[in-house]
Amino acid sequence: MPAARAAAPRLLVLGDSLSAGYGLPHDQGFEAQLQQALKAHGHDVTIIDGAVSGDTSAGGRARLDWVLADGADAAIVELGANDGLRGLDPKEMEANLTAILDTLADRHIPVLLTGMYAPPNLGPDYEAAFRAVFDRLGKRPGVLYDPFFLKGVATVDDLNQADRMHPNPEGVRRIVARLLPLVEQLLAEAKPA
Numbered sequence: 192m193p194a195a196r197a198a199a200p201r202l203l204v205l206g207d208s209l210s211a212g213y214g215l216p217h218d219q220g221f222e223a224q225l226q227q228a229l230k231a232h233g234h235d236v237t238i239i240d241g242a243v244s245g246d247t248s249a250g251g252r253a254r255l256d257w258v259l260a261d262g263a264d265a266a267i268v269e270l271g272a273n274d275g276l277r278g279l280d281p282k283e284m285e286a287n288l289t290a291i292l293d294t295l296a297d298r299h300i301p302v303l304l305t306g307m308y309a310p311p312n313l314g315p316d317y318e319a320a321f322r323a324v325f326d327r328l329g330k331r332p333g334v335l336y337d338p339f340f341l342k343g344v345a346t347v348d349d350l351n352q353a354d355r356m357h358p359n360p361e362g363v364r365r366i367v368a369r370l371l372p373l374v375e376q377l378l379a380e381a382k383p384a
């Protein structure tokens, strides 16, 4: 049994409160639901919890080496929401995300980059600059790209907690179901040839 566990691919989730499961019981958060969905599809995967509520792209960059200390075979990068909420410069976010993707590429770790939209109250110029960061980075070699982590869930009251920003368990279930094919593709790329 221990040998089988050691052989399970290690999937890093580097993210913020959206992937950390803010406001939810542990078994209803993104990482737990993703692991359950992968198991139901025949994938034995060890998830490395690299999601911290309130984290910006700078925070993710600062702790990347630490969360990779025991190695990873693939990574989901879900950062940017807090950069947008704080109105941080999209150029700084791009520099941080680029550094994260560079580190993962140097270690031959395939990545699923899942994007974010900026809050509309920051204006159309900021929104466009913010979106463009993810669209550019999503074209990098070795990166699978999902343009919007909250697609189909954002602004839907029945799928979000009372704060209208964080998905409820059903919202998370829908995110996981939508991302599952990409995560399976990511894991396929992580397997040794």
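With positions in the sequence shown counted from 1, the corresponding number in the working numbering is that position plus 191.
We put the beta carbon where it would ideally sit given N, CA and C, even for glycine.
Given the structure is predicted, the values throughout are model-derived calculations rather than measurements.
How long is the line joining the alpha carbons of residue i and residue j, rounded to whole angstroms?
i: residue 360; j: residue 249; result: 28 Å
i: residue 193; j: residue 223; result: With a pLDDT of 45 at residue 193, under the threshold of 50, the predicted position of this residue should be treated as unreliable, and no value is reported.
i: residue 326; j: residue 217; result: 31 Å
i: residue 284; j: residue 324; result: 8 Å
i: residue 238; j: residue 377; result: 13 Å
i: residue 341; j: residue 290; result: 24 Å
i: residue 299; j: residue 226; result: 22 Å
i: residue 312; j: residue 363; result: 25 Å
Got a sec, what are the start and stop residues for the beta strand (DSSP E) residue i sits in?
i: residue 241; result: 237-242
i: residue 366; result: Here residue 366 belongs to no beta strand (DSSP E); instead the alpha helix (DSSP H) covers 360-381.
i: residue 341; result: Premise fails: residue 341 is in no beta strand (DSSP E) and is neither H nor E.
Suppose the cutoff is 7 Å on Cβ atoms and the five residues either side in sequence are ignored; what does the same chain contact list for residue i look like?
i: residue 333; result: 296, 301 and 302
On the criterion of 16 or more Cβ atoms from any shown chain inside 10 Å, does residue i qualify as buried, or is it exposed?
i: residue 251; result: buried
i: residue 272; result: buried
i: residue 207; result: buried
i: residue 358; result: buried
i: residue 199; result: exposed
i: residue 354; result: exposed
i: residue 372; result: exposed
i: residue 211; result: buried
Would you say the beta carbon of residue i is closer than 7 Å to some non-hydrogen atom of the ligand GTP?
i: residue 293; result: Annotation note on the ligand GTP: not contained in the displayed structure, which lists no ligands.
Given residue i, which residues of its chain have a CB within under 6 Å of its CB, disregarding the five upstream and five downstream residues?
i: residue 380; result: 301
i: residue 213; result: 244 and 357
i: residue 329; result: 304 and 336
What residues are listed by DSSP as bridge partners for residue i?
i: residue 269; result: 206
i: residue 334; result: 302
Starting from the C-beta of residue i, find all residues in its chain whose C-beta is less than 8 Å away, skip the five residues before and the five after it, and write them out in chain order.
i: residue 245; result: 207, 208 and 273
i: residue 429; result: The chain is shown only over 192 to 384; residue 429 falls outside these bounds and no answer can be derived.
Tell me where the alpha helix (DSSP H) around residue i begins and ends.
i: residue 350; result: That residue, residue 350, is in no alpha helix (DSSP H); it is neither H nor E in DSSP.
i: residue 294; result: 281-297
i: residue 255; result: 248-258
i: residue 263; result: No alpha helix (DSSP H) holds residue 263; DSSP gives it neither H nor E.
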